[in-house]
Structure formats: structure tokens, C-alpha cells
DNA sequence: ATATTGTGTATATACGATATATACAGTTTG
DNA sequence: CAAACTGTATATATCGTATATACACAATAT
């Protein structure tokens, strides 16, 4: 499970986990019915509480990306590529709409945003 | 004072206020030494506590955008246009760098981001 | 069968950030 | 100098996040 927790980002841990796992599922890196690692294992690896991992798993289940079998584990849902792609576009679109509000508030033009994007995209 | 509070955005009230006032200062809509309205007035208009407004004012002061005279009020700092522009670019740049992380996590290409931007920029 | 080990779940709690009401202190103004 | 205005400080409430610990269910080895 490739998860990286940032303590400086300000985003809640459970949300960081959700974003990373959901992205992996949406990109097809975690095929249908793949068994996610036990929450205790993830908690130990990341040195956080099992409850926090469970919270992330709950969000994933609520988003329809995984399903739970009590006593067995959690598994990646069976979703068609077009459904995954729709979810991808939805997540990106919602985020972009909100991000745009801030840039507009600051009076940044479309051209300026694009210029900054091109400068930054290949860095980081 | 043009301030709009959203209860659905998830962002703290004081932060929403900070972002909007700082943007107005940075864009030159609030000239140097303009007296901000009393925190009680803003609190009454927005139907929030004076403490929350004060919190926003504190952030503005900490950012060097306003200064306080006890008993008199809070005023817009005297900053040169190039300083304001630097602050604008800094705020936008930091935000964009963080936003980009998420798009990259979702595997969105630079071209896709630009396409979404162009579709959405003139809406909202 | 049943004890053991592994899975997710529920309860009760701690902590920090946000937001609040109310009382306080400094400055202007009549 | 009193009244009316400014920002400030203290103590409190509430909510989201994160936690430890105890619980319930399923698989599996004996």
C-alpha cells in the first residue's frame, strides 16, 4: 500500500489516505476485488490509530470504491472503466471549481493560471 | 465591506474573511490607511461573533496587510504596488503548488487541467 | 467441534481548532 | 469627565480529528 502521510499539509490524515487510495483505484492500479491490507497493518506502518485508517476505509466505502466483508477484509469494488473515469472527472472537476474561486478572488487571469501551471507542473 | 460567508465550503469563517479582505487589499481596492469597519459592525452584519472577526483581523495584521491603533480602529497598511503584487503572486503560487499535487495524484495531465480551466473560468 | 488467530466494529475519551458571550481597557468626543 | 466609540482578554461551548481498548464476526488449525 503506497501511502505517504504529511504532517505539515494541514489536511486530516484520514483524508490524505482516502485521496491516495481512491486515486490508485480510479487509475486502475488496484484491480477489482483486490484485498486491501488489514487496518491494523496500515495503522502500524503509518504509526497511527486503527480508527483513523477505518475512517479512511469508511469514506472509500461510502464513495463506492471498496466493499467490506466482516471478518474477511475490505476489497476493491468491481467498477467499469467508464465509471472509474467518471469518478475521476467528478473529483477533479469539483476540486478545480473550488480552486478557481480563490484564484478569481485574487484577480488572477486565466492566462496567468495557465502560465503558472506550465511552470510548476513538471517540478515537485 | 464586501464579505460573503459560505457555510457549506468547510473553510473556517475567519479564513474566508481573511482571504476576501486580503484579496481586496492586494488588488488595490482598499487604499492605504483606509479604516476597516469596527469588528462589532462586521460581526453584526455577518451574524457572527466579534471574536471571529478579530481573529481574521489578527491574521491580516500578522500578514502585514493592516495595522491596529487601539481605541481607534484598524487600517490598511501602506505598501508599494510591487510589494502587493509580490504578495499576490506568493499566495497564488503556494495555492497552485498544493492544488497541483492533487491533480497529479489523480493522474490528470497538464492539458486536461488547462482544458477544464478554460471550460470553467467564465462560469461561476 | 472448538480454540486460536485474524478480520472489521463499537464505545468511551482526549485533544485541538473554531466560534462564542461577556467583561475589560484604551481613545475619542460631546 | 462622562458617554460612546474603538480593540482586547478571559473563560466556555462545540465540533472535528485522533486515540486506546474492548467487542463481535469469520476463517482456520487442531
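Chains as they are written, first to last, in my numbering: chain A, 108 to 231; chain G, 108 to 231.
We put the CB at the ideal spot given by N, CA and C, even for glycine.
Quick caveat: nothing in here was measured; it's all calculated off a predicted structure.
Can the beta-carbon of residue 120 of chain A be found closer than 9 Å to that of residue 183 of chain A? no
Between residue 108 of chain A and chain G, is the shortest Cβ-Cβ distance under 9 Å, so that the two count as touching? no
Those runs of the alpha helix (DSSP H) which lie wholly inside the segment 130-197 of chain G and span at least 4 residues: 146-153, 157-169
Proximity test, Cβ basis, 9 Å: residue 214 of chain A and chain G: So yes, residue 214 of chain A belongs to the interface.
Please classify residue 160 of chain A: is it buried, with 16 or more other beta-carbons within 10 angstroms of its beta-carbon, or exposed? It is buried - the Cβ of residue 160 of chain A has at least 16 other Cβ atoms within 10 Å.
Contacting positions in the segment 192-208 of chain G - beta carbon closer than 9 Å to chain A: 195, 196, 198, 199, 200, 202, 203, 204, 205, 206, 207, 208
The segment 120-139 of chain G: positions lying closer than 8 Å to chain A by Cβ: 126, 127, 130, 133, 134
contact_flag[the segment 133-143 of chain A, the segment 168-186 of chain A] where n(CB pairs < 8 Å) is 3 or more: yes
Using a cut-off of 9 Å between C-beta atoms, extract the partners of residue 174 of chain G located in chain A. Within 9 Å Cβ-Cβ: nothing; residue 174 of chain G doesn't reach chain A, min ~22 Å.
Who are the Cβ neighbours of residue 194 of chain A in its own chain at under 7 Å, not counting the five residues just before and after it? Only 133 meet the Cβ criterion.
Give me the subset of the segment 154-178 of chain G whose CB atoms are less than 9 Å from a CB atom of chain A, sorted by chain position. Residues are counted here when their Cβ sits less than 9 Å from a Cβ of chain A; for the segment 154-178 of chain G the count is zero.
Any beta carbon from chain A within less than 9 Å of residue 300 of chain G's own beta carbon? Nothing in the structure corresponds to residue 300 of chain G, since chain G is present only between 108 and 231.
Counting only beta-carbon separations shorter than 9 Å, does residue 116 of chain G have a partner in chain A? yes
Contacts of residue 221 of chain A in chain G (Cβ-Cβ under 8 Å): 221, 224
Could you have a look at residue 115 of chain A and say whether DSSP puts it in helix, strand or coil? Here residue 115 of chain A sits in coil by DSSP.
Tell me whether residue 224 of chain G sits in a helix, a strand or coil according to DSSP, three-state version. helix
With DSSP as the reference, label residue 110 of chain G as helix, strand or coil. coil
Within this structure, are the beta carbons of residue 149 of chain G and residue 124 of chain G separated by less than 9 Å? Between residue 149 of chain G and residue 124 of chain G, the CB-CB gap stays under 9 Å.
Return no unless some Cβ of chain G is closer than 9 Å to the Cβ of residue 231 of chain A. yes
What residue from A:117, A:135, A:114 has the CA that sits closest to residue 214 of chain G's CA? A:135
From residue 173 of chain A to residue 200 of chain A, what distance separates their C-alpha atoms? 22 Å
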